[in-house]
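K.L.:
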Amino acid sequence: MAPQETHPVNPSVKTGDFEIEALSSQCAARAAKLATARGVIETPVFMPVGTQGSVKTISNEELKSIGAQIILGNSYHLYLRPGTELIEKAGGLQKFIGWNAPMLTDSGGFQIFSLATLRRIESQGVQFQSHIDGSKHLFTPEKSMDIQRSIGADIIMCFDECTPYPCAHDYAARSVDLSVEWARRCKEYFYSKENKYDQLLFGIIQGSVYQDLRKDSALRTIEIDFPGYALGGLSVGEPKEEMYSVLRETVGLLPKNKPHYLMGVGMPEDIWEAVENGIDMFDCVLPTRNGRNGQAFTSLGKVNIRNAEYVSDFGPLDPECDCPACKGYTRAYLNHLFRAQELLVLRLLTLHNLNFMIKLLKVIRNSIKSDNFLQEKERFLKQYRSREKTL
RNA sequence: GGGGGUGUGGCAGAGCGGUCUAUUGCACCAGACUGUAAAUCUGGCGGGCUUAGCCCUUCGGUGGUUCAAAUCCAUCCGCCCCCA
-16 MAPQETHPVN
-6 PSVKTGDFEI
4 EALSSQCAAR
14 AAKLATARGV
24 IETPVFMPVG
34 TQGSVKTISN
44 EELKSIGAQI
54 ILGNSYHLYL
64 RPGTELIEKA
74 GGLQKFIGWN
84 APMLTDSGGF
94 QIFSLATLRR
104 IESQGVQFQS
114 HIDGSKHLFT
124 PEKSMDIQRS
134 IGADIIMCFD
144 ECTPYPCAHD
154 YAARSVDLSV
164 EWARRCKEYF
174 YSKENKYDQL
184 LFGIIQGSVY
194 QDLRKDSALR
204 TIEIDFPGYA
214 LGGLSVGEPK
224 EEMYSVLRET
234 VGLLPKNKPH
244 YLMGVGMPED
254 IWEAVENGID
264 MFDCVLPTRN
274 GRNGQAFTSL
284 GKVNIRNAEY
294 VSDFGPLDPE
304 CDCPACKGYT
314 RAYLNHLFRA
324 QELLVLRLLT
334 LHNLNFMIKL
344 LKVIRNSIKS
354 DNFLQEKERF
364 LKQYRSREKT
374 L
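Start counting the first sequence at -16; every next residue gets the next number (the working numbering).
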């Protein structure tokens, strides 16, 4: 394969184009195509998370084989290791890891939440103490832009503060001010330099679970103007109803002709709910992390493959699934592998879960195009919840 | 034949007079995980009940000493090591 000399944008498609193919007549769901420098993404889409430049346990070929269109990387983690210098030397992250398709990087904003004990928010940015060696690193909006420019993903995110749950209203309000100001700085700084990889910079809406703050954040972020908008600070521990209620009130405020990305979500039921309200893009660690922890998402609900009930269950993990784990192996064997701590099971469950999510989004997309989204949602959820344990 | 050691809950292994249903690890049984500090974490793990508590039964067997024994004594049974 010949190395790419410049960014491989297809000259016939303008990066950032968001072509809506179908709108549901029943709700705000839509099916669309988003053009990025390294390819067009069909939405709604699920994006596997590969924090350190790798979707844990899964090869690029396998990702392709299950239909992954775009994967995530993370600024904080990749900046610490292997470092932006090396990634630049390699010709960008995609070349470095051998993924010749779209990528998106998170800004480090989530680490403000997840590494709360290892950082301090200051006026200019956030002082992180490396979880690897304890060294200190100041992340500013400008720094995050520099990192993400070096990494070179097709979609990059504004540096924001992902607030925790619960979060007091006045804190959340000040945090919205901060994230809006940072978004302004991100945009200004990012476009002050050459956009070498033709990257798309998305803005992020915050405001915790408060509708007034969400609205304020949305309007002010839209005012700055980005090619795409994300909802952040959700699925951080709040009750589902809180998240759903924010979705109902906030997604409608976003420009209809631009992609809507719900960060960090999620569970199958959350994804239906979000698409119904107009979300186009999702990322979540659940398929990969839960897979490694023995939990599979199946058409019949969640399955903890470690459990005793599967010791001699010689059926497939998910009878409706066509993934390698379901086609070639039994629940009993997967259970055995998990008990014996054989690494194969981590790969098989991860592959299955990712396949499940990607296929789910395909089903959702098709249901929008055939305009029976709500019926499909009901059908899916009924089956998905059919074996839920009732007490 | 002589000498020494040891037997604890599924396994390994602490405890060596009261605070012991008995540390810990493994195994086992469940649960959690949502822009990844995660192949991780949490809970349970003798029996029963009116289950944030109460009752009963456990530390090879038996019998003692003691107000009180997994812990001390005697004896029986089993296992291990060294010398001959």
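Where a beta carbon is used, it is the ideal one built from N, C-alpha and C, also for glycine.
(1) Note down, in chain order, each residue of its chain lying with its Cβ closer than 6 Å to the Cβ of K39, except the 5 sequence neighbours on either side.
(2) What residue range is occupied by the uninterrupted alpha helix (DSSP H) comprising K285?
(3) Decide if R322 is buried, meaning its Cβ has at least 16 other Cβ atoms within 10 Å, or exposed.
(4) Does the beta-carbon distance from V294 to N276 come in below 7 Å?
(5) Tell me which same chain residues have a C-beta within less than 7 Å of the C-beta of R368, skipping the five on either side of it?
(6) Using only CA atoms, which one of C141, R314, A155 and V328 lies nearest to V91?
(7) Out of K47, I53 and T34, state which residue places its alpha-carbon closest to the alpha-carbon of V23.
(8) Among I134, K198 and Q189, which one has its Cα closest to the Cα of D181?
(9) Return the CA-CA distance between H335 and E105, expressed in angstroms with no decimal places.
(10) In this structure, does DSSP put K342 in helix, strand or coil?
(11) I'd like to know whether the C-beta atoms of L214 and I188 end up nearer to each other than 7 Å.
(12) Among residues of its own chain, excluding the 5 on either side of V376, which ones have a beta-carbon nearer than 7 Å to its beta-carbon?
(13) Which one of P242, L237, G(-1) and K223 has the shortest CA to CA distance from V248?
(14) Identify, in the order they occur along the chain, each residue of the same chain with its Cβ nearer than 6 Å to the Cβ of P210, setting aside the five sequence neighbours on each side.
(15) Straight-line CA distance for E4 to L17?
(16) Among N43, Y62 and I207, which residue has its Cα nearest to the Cα of I80?
(17) Might you give, ordered along the chain, the residues of its own chain that have their beta carbon closer than 6 Å to the beta carbon of E375, omitting 5 neighbours on each side?
(18) Go through its chain and collect everything with a Cβ distance to M30's Cβ below 7 Å, but skip five positions before and after it.
(19) Given that a residue counts as buried once 16 or more other Cβ atoms are within 10 Å of its Cβ, and exposed if not, what is P124?
(20) Checking 7 Å against the spacing of the C-beta atoms, do L332 and A279 come in under that value?
(21) Leaving out five residues on either side along the sequence, give the residues of the same chain with a beta carbon under 6 Å from the beta carbon of W82.
(22) In terms of residues, what are the limits of the beta strand (DSSP E) holding Y212?
(23) To the nearest angstrom, report how far apart C150 and S191 are at their CA atoms.
(24) Rounded to whole angstroms, what's the CA-CA distance from M(-16) to R132? Just pull it up for me.
(25) Taking only the alpha-carbon atoms, compute the straight-line gap between S118 and Q112 and give it to the nearest angstrom.
P.N.:
If we stick to the structure as given:
(1) As a first step, residue 39 must be located in the first sequence, where it is residue number 56. These residues qualify, in order along the chain: T271.
(2) As a position in the first sequence, residue 285 is number 302, starting the count at 1. No alpha helix (DSSP H) contains K285, which is instead part of the beta strand (DSSP E) from G284 to N287.
(3) Indexing the first sequence from 1 puts residue 322 at position 339. Answer is exposed; the Cβ neighbour count stays below 16.
(4) Taking the first residue of the first sequence as position 1, residue 294 is located at position 311. Taking the first residue of the first sequence as position 1, residue 276 is located at position 293. Contact: no.
(5) Position 385 of the first sequence holds residue 368. Here the set comprises G284.
(6) Along the first sequence, read from residue 1 onward, the residue named residue 91 stands at position 108. The amino acid occupying residue 91 in the given sequence is Gly; Val does not appear at that position. Considering only alpha carbons, the answer is C141.
(7) Position 40 of the first sequence, counted from the start, is the residue given in the question as residue 23. Closest by alpha carbon: I53.
(8) As a first step, residue 181 is located in the first sequence; it is residue number 198 there, counting from the start. Here the closest residue by C-alpha is I134.
(9) Reading the first sequence from its first residue, position 352 is the one you call residue 335. Reading the first sequence from its first residue, position 122 is the one you call residue 105. About 42 Å.
(10) To locate residue 342, count along the first sequence from 1; it is residue 359. Three-state DSSP puts K342 in a helix.
(11) In the first sequence, counting from the first residue as 1, residue 214 sits at position 231. In the first sequence, counting from the first residue as 1, residue 188 sits at position 205. For L214 and I188, yes; Cβs fall inside 7 Å.
(12) In the structure as shown, the chain starts at -16 and stops at 374, and residue 376 therefore has no counterpart that could be examined.
(13) Indexing the first sequence from 1 puts residue 248 at position 265. Comparing Cα-Cα distances from V248 to each of P242, L237, G(-1) and K223, the minimum goes to K223.
(14) Residue numbering aside, residue 210 sits at position 227 when the first sequence is read from its first letter. Within the same chain, P210 has close Cβ partners G(-1) and L183.
(15) Residue numbering aside, residue 4 sits at position 21 when the first sequence is read from its first letter. Residue numbering aside, residue 17 sits at position 34 when the first sequence is read from its first letter. The straight-line gap from Cα to Cα measures roughly 11 Å.
(16) Counting from 1 along the first sequence, the entry for residue 80 is found at position 97. Selected option, being the one with the closest Cα: N43.
(17) Absent from the structure is residue 375, since the part of the chain shown begins at -16 and ends at 374.
(18) The residue given as residue 30 occupies position 47 in the first sequence. Cβ within range, chain order: I53, I54, L55, L87, M264, F265 and D266.
(19) Counting from one through the first sequence, the residue named residue 124 turns up at place 141. It counts as buried.
(20) As a working mapping, residue 332 is identified with position 349 in the first sequence. As a working mapping, residue 279 is identified with position 296 in the first sequence. Cβ atoms of L332 and A279: closer than 7 Å.
(21) For the purposes of this step, residue 82 is taken as the residue at position 99 of the first sequence. Counting only Cβ-Cβ distances below 6 Å, and skipping sequence neighbours, we find N43.
(22) The count along the first sequence starts at 1 and reaches residue 212 at position 229. That run of the beta strand (DSSP E) goes Y212 to L214.
(23) Walking along the first sequence from the start, residue 150 turns up at place 167. Walking along the first sequence from the start, residue 191 turns up at place 208. The alpha-carbon atoms of C150 and S191 are separated by roughly 7 Å.
(24) Counted from its first residue, the first sequence places residue -16 at position 1. Counted from its first residue, the first sequence places residue 132 at position 149. Residue placement at M(-16) is flagged as unreliable, the pLDDT there being 38, under the threshold of 50; the coordinate-derived value follows with that caveat. Their backbone Cα atoms lie some 24 Å apart in a straight line.
(25) Looking up residue 118 in the first sequence gives position 135. Looking up residue 112 in the first sequence gives position 129. Distance between the alpha carbons of S118 and Q112 is about 5 Å.
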